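First comes the structure, then the notes that go with it.
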Amino acid sequence: MKSFTTVALESSVGPQLCLDCFSPIDLSEFTSVVASSKSSTCLLDPIPTRLLKGTLPLMNSSLLDLVNLSLVSGYVPQAFKTAVIKPLLKKPSLDPGVLANYRPISNLPFISKILEKAVAKQLSDHLHRNELFEDFQSGFRAHHSTETALLKVTNDLLLASDNGLVSILVLLDLSAAFDTIDHNILLQRLEHVIGIRGTALKWFQSYLSDRFQFVHVHDEPSTRTKVSYGVPQGSVLGPILFTLYMLPLGYIIRKHSINYHCYADDTQLYQSIKPVNTNQLTRLQACLTDIKAWMTSNFLLLNSEKTEVIIFGPKNLRNNFSKIIATLDGIALASSTTVKNLGVIFDQDMSFNSHIKQISRTAFFH
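Position 33, counted from 1, in the sequence shown is what our numbering calls 30; the numbers after and before it change by one each time, with no gaps.
Written as structure tokens, this is what we have:
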């Protein structure tokens, strides 16, 4: 059953043009994509990628036919839907005997990534034509990065301070967001919000279904496990599909007139108010409550214990605010003196002294 927020979004936002099918690509586009792709080889590749690139003139027509057949038929070969997982120790100093200290690195067959790039290009063109990108999403978009996200938020906070306002910044923490995406909800969003129909929608249904993965350690493979949730890790389309899955979040936040910016699964809310208007924090509380409800109904886990809050402004004005800004899942969100936001340490005075000191210590350490 759809939540009211999703229904409202789907009835108010939609593409002017639908994407009913993917167009076949020509030989020049295919060879260009292959040449510009990294030469990394997956365990499942029949031949090393460098060898494939070197002999491409001998087999490019056959490989192009394979890619185009998938695009026009709406079917993704089963061989393209199996991932090899290699555990990588996060830091050399960590205990290798603890599984939590490893980061799973997913690898997919080379040609499957070429197919995904062809789809990603046509999907991105459709999103641009219909202006369907989230305006305040800096992740996985051309000409956007953590820098654009930080510049936008920092500039807004400094302008608010210049106008004598106090700002509250909330950094939401999602647990394993890419791994909990519900495929049925994602497909509904692609159809009703993004306008993916016909063979194109059939292609995504095939792409997401019957996916498998196995772990490969010391030349020993594990048994294959079916993957029923999440966007494919290590894929080209995974990050784009995640941002489309998260589109309703912007609608919810805007409804409460709260400022926000996203970078992938990192979402930050910020509200600037006059020091005497502390009662306006009820909007922030209501927004957090709706976000939590939407995430729960969309199988996303908002980690209340790791969600952080910080208040910006002159110390005498900050004191007008209670240390407890809001609650989430019954957990009080207390203001911190510093928070780490997309790799940058923010302090309450916006002086960035804490960040500069940390960078200096790191420089001297090396």
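The C-beta atom is built at its ideal place from N, Cα and C for all residues, glycine as well.
Computed from a prediction, not measured in an experiment: that's the story for all the values here.
Looking only at C-alpha atoms, which of the options sits nearest to residue i?
i    : options                : result
H253 : Q75, V150, Q268, T264  : Q268
L66  : P21, L85, N104         : P21
S158 : F361, V224, D346       : D346
V341 : P101, T151, L129       : T151
S142 : C259, I270, L24        : C259
K312 : E302, D344, A290, T145 : D344
S172 : L299, P89, K110, W291  : L299
S219 : Q210, T324, E131       : Q210
V73  : I191, F318, I111       : I111
D216 : I82, L91, I308         : I82
I165 : S203, N274, R47, E188  : N274
V167 : Q355, L325, A360, S357 : L325
L96  : S90, P84, N104         : P84
S146 : L278, K199, S135       : Checking the sequence shown, residue 146 turns out to be Ala, not Ser. It is S135 whose Cα lies nearest to the Cα of A146.
D119 : E188, L234, L183       : Reading off the sequence shown, one finds Gln at residue 119, where the question assumed Asp. If we check each option's Cα against that of Q119, L234 comes out closest.
T79  : L48, Y204, F349, N160  : Y204
T28  : S59, P43, D42          : S59
A283 : K271, I255, D263       : I255
What residue range is occupied by the uninterrupted beta strand (DSSP E) comprising residue i?
i    : result
I342 : 341 to 344
P84  : 79 to 86
I178 : Segment: none, I178 is in no beta strand (DSSP E) and carries neither H nor E.
V336 : 335 to 338
L168 : 163 to 169
Assuming residue i contacts residue j under a Cβ cut-off of 8 Å, what Cβ separation, rounded to an integer in Å, is found between them?
i    : j    : result
Q265 : N338 : 7 Å
L14  : N127 : 6 Å
E305 : S333 : 6 Å
I308 : F318 : 6 Å
W291 : I249 : 6 Å
D23  : T196 : About 19 Å separates the two Cβ atoms, so there is no contact after all.
F77  : S109 : 4 Å
For the alpha helix (DSSP H) holding residue i, just list the boundary residues, first then last.
i    : result
H213 : Unbroken run through H213 is the beta strand (DSSP E), 208 to 214; no alpha helix (DSSP H).
I102 : Where I102 is concerned, there is no enclosing alpha helix (DSSP H), although the beta strand (DSSP E) it sits in stretches over 99 to 104.
V30  : 24 to 33
T143 : 143 to 159
S58  : 53 to 70
S121 : 107 to 126
T240 : 235 to 242
T222 : Where T222 is concerned, there is no enclosing alpha helix (DSSP H), although the beta strand (DSSP E) it sits in stretches over 222 to 224.
G195 : 195 to 205
Q. Can you list the alpha helix (DSSP H) stretches of 4 or more residues lying completely in the region 246 to 320, in chain order?
A. The qualifying runs are 278 to 294, 312 to 315.
Q) Are at least three pairs of beta-carbons, each pair with one atom in the region 92 to 101 and one in the region 29 to 44, less than 8 Å apart? A) No: the two stretches stay apart, fewer than three of their Cβ pairs being nearer than 8 Å.
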